[in-house]
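Notes to accompany the following structure.
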Amino acid sequence: MFDVLIDVVNDLNNDNVTRASKRLVSLAKDNEDEELLRIVSELEKLLMELDKDDTLVRDDEETQRDLLAIKKEMDDLRKRKLRILSIYLLKKLSDRNLIIQNMIVNKPLSRKPQTYM
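Going by the working numbering, the first residue of the sequence shown is number -2, and it counts up by one from there.
What follows is the structure, encoded as structure tokens:
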């Protein structure tokens, strides 16, 4: 199990969030903890939402472009949520193993420009 968790951490660090989440879902499905099962179901829901195609309007190009931009923004938010929930689930499955926790690279949320006067 430790090797699989290390592979999941490597996927998370390489921005393969969906692959890491799918692995965690398959690992945690057999768990009996209710909190973990709620997190697994949320991960499954997010993965399904990322996979589905939402092309509602096909004939109006401008509307379709706007909808695609919104879908991309929402997918980015879903991936951020997937990453956060995956890290939490990873910590729970590893029983707060410090080696696994230290391997996770936290990405900065946003960078502020450095301005000097």
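Every residue, glycine too, gets a C-beta built ideally from N, C-alpha and C.
In this text, all values refer to a predicted model and were calculated from it rather than measured experimentally.
- If you ignore the 5 residues before and after Gln98, its C-beta comes within less than 8 Å of the C-beta of Lys88 and Ser91, all in its own chain and listed in chain order.
- For Arg35, the uninterrupted alpha helix (DSSP H) run begins and ends at Glu31 to Asp48, by DSSP.
- Around the Cβ of Ser23, a 10 Å sphere holds fewer than 16 other Cβ atoms; the residue is exposed.
- Inter-residue distance for Asp72 and Thr112 is about 32 Å (C-alpha atoms, whole angstroms).
- When DSSP states are grouped into helix, strand and coil, Ser91 belongs to the coil group.
- In the structure shown, Arg77 adopts helical secondary structure according to DSSP, grouped into three states.
- Scanning its chain for C-beta atoms nearer than 7 Å, with the 5 sequence neighbours on each side dropped, one finds around Val5 the residues Ala17, Arg20, Leu21 and Leu87, in chain order.
- Per DSSP, the unbroken alpha helix (DSSP H) holding Leu21 starts and ends at Val14 to Ala25.
- At the C-beta level, Ser83 and Leu40 come within 8 Å of one another.
- Looking only at Arg62, Leu47 and Asp27, the smallest Cα-Cα distance to Val14 is reached by Leu47.
- Contact between Ile101 and Leu9 holds, with the beta-carbon distance rounding to 6 Å and staying under 8 Å.
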